[in-house]
Amino acid sequence: MEQHPAEASPVCAEIDLWAQGETAGHLRVPHSRNDSGWGTIAIPIVVIANGEGPTLLLTAGNHGDEYEGQVALLRLARELDPAALSGRVILLPAMHDPAALAGTRKSPIDGRDFNRCFPGNPHGSVAEVLAHYIDTHLLPLCDAQMDLHSGGTGIDILPSACGHILDDEAYMERSLAMADAFGAPITLLLKEVNAGPTLLSAAERRGVVALSSELGGAGRLNPHGLAVTERGVRNVLKHYGMLDGVPEGERSRRMVVPDLAHYVFAPHDGIWETADRLGAEVRKGERAGFLHRIEEPLAPPTALAYGAGGLLWCTRGPGRARAGDPVAVVARDL
């Protein structure tokens, strides 16, 4: 791709993105240190291509403590036969490699949440430079993109394909069609906290049909979430005619989190005791749980209530919560 001066990036791709067959290598992101002025961060990349067809970008490890997508893309990279493919798949199984290696949400290098760095900055921190490269060099190549997330260490979520509510109805329908093909139990349209700097929003700004996902969480590799992910990425390839066959699985339940009234936020630090299991049907005004203050042994726990009724889609993973953390998120049918 010819680079416009405004899009010049210091990131170097070790592989030919247009090569046929399967090619594996790294994106090298400059990282100058006290002991290595020419140091780089190596981001694993795999390109599988065969003939004419769409280009699909599949990413995981946006947050390093979200494992279902990372394992699913590693398996896809090993198992996908180029001869069975029509088009090109670009795989970044550990997109934010420093965080993936550390098993943390944020970068151990610059402290950035990678999914809050888009559209990036070619002169910024490591995370910002990489985000800029993905936004200006990879997304423009793509017909579609899916970023595989889960709840990480902080929250546990029912396996879902996730998108935003978009003003362009035709574009929205193409996104929903891809979500239906992915085949997660739930397709969720989310009013997200601070969505603008995310990869999903970056793809939407470029007109790329795009989805995110939430496929488990609570700091573990969820076997059910992994199975949904592995089947789902192949379903998307089938949806775009890149693999033979039709998407498999049951029809996804379309749901929405339309506003922050569907979140339950912790008003202070404490130990969260949920009243309901993940996936329960709940009602507005019902008790969502208790927040216990261990530092005040005689103080009664704080009772929190649901601000909206529907399906308990997300719950806090660790026992302790901090003031402002969401401890529950409720979704309702679209």
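Heads up, the sequence shown is in this note's numbering, so the first residue is 24 and it goes up one at a time.
Backbone N, C-alpha and C fix where the C-beta goes; we use that ideal spot for every residue, glycine too.
Check, Outcome
"Boundaries of the beta strand (DSSP E) in which leucine 266 is found, first to last residue", "Note, leucine 266: premise wrong, no beta strand (DSSP E); not H, not E."
"DSSP bridge partner residues for glutamine 168 (one or two, in chain order)", "Leu80 and Ala233"
"Helix, strand or coil at proline 220 according to DSSP, with G and I counted as helix", "coil"
"When Ala65, Ser32 and Gly126 are compared against glycine 84, the one with the closest alpha-carbon", "Gly126"
"With 16 other Cβ atoms within 10 Å as the buried cut-off, status of alanine 72", "buried"
"Residue nearest to alanine 65 in terms of C-alpha spacing, selected from Val34, Arg274, Asn245 and Thr46", "Val34"
"Ordered list of alpha helix (DSSP H) runs contained in the region 74-120, each at least 4 residues", "91-102"
"Glutamate 271 burial status per 10 Å Cβ neighbour count (16 or more: buried)", "exposed"
"Sheet register partners of alanine 200 (DSSP bridge)", "According to DSSP, which records beta bridges pairwise, alanine 200 is partnered with nothing at all."
"Exposure label - glycine 186; buried when at least 16 CB within 10 Å", "buried"
"Alpha-carbon spacing of isoleucine 157 relative to leucine 171, whole angstroms", "15 Å"
"Selection from Gly74, Val353 and Ala204 that minimises the alpha carbon distance to tyrosine 286", "Val353"
"Inter-residue CB distance, serine 183 and glutamate 237 (contact presumed, cutoff 8 Å)", "5 Å"
"Residues that DSSP places opposite glutamate 45 in a beta bridge", "Ile71"
"Minimum C-alpha distance to methionine 118 - residue among Gly110, Leu103 and Cys140", "Cys140"
"First through last residue of the alpha helix (DSSP H) which encompasses leucine 153", "149-156"
"Where phenylalanine 137 sits in the DSSP three-state scheme", "helix"
"Local conformation of histidine 315 per DSSP, three classes", "strand"
"CB of isoleucine 113 within 8 Å of CB of leucine 80, strictly", "yes"
"Glycine 342 versus glycine 175: straight-line alpha-carbon distance, rounded", "14 Å"
"C-beta neighbour in chain B for histidine 86, strict 8 Å", "Of the protein chains in the structure, only one exists, and it is not chain B."
"Burial state of aspartate 282, where buried means 16 or more other Cβ atoms lie within 10 Å", "exposed"
"Simplified DSSP state of serine 55, which is helix, strand or coil", "coil"
"Own chain, CB closer than 7 Å to alanine 326, minus 5 neighbours either side, in chain order", "Arg310 and Phe313"
"Tyrosine 329, DSSP secondary structure in three states", "coil"
"Rounded separation between glycine 239 and glutamate 91 - CA only", "7 Å"
"Contact under 8 Å by Cβ, serine 198 with valine 232", "yes"
"Proximal residues to arginine 277 (C-beta, below 6 Å), its chain only, five neighbours per side dropped", "Thr210 and Leu357"
"Between the CA atoms of alanine 31 and alanine 346 - distance to the nearest angstrom", "41 Å"
"Whether serine 130 touches glycine 76 by CB criterion (8 Å)", "no"
"Contacts around glycine 268, its chain only, beta-carbon distance under 6 Å, and the 5 residues preceding and following it disregarded", "Lys261"
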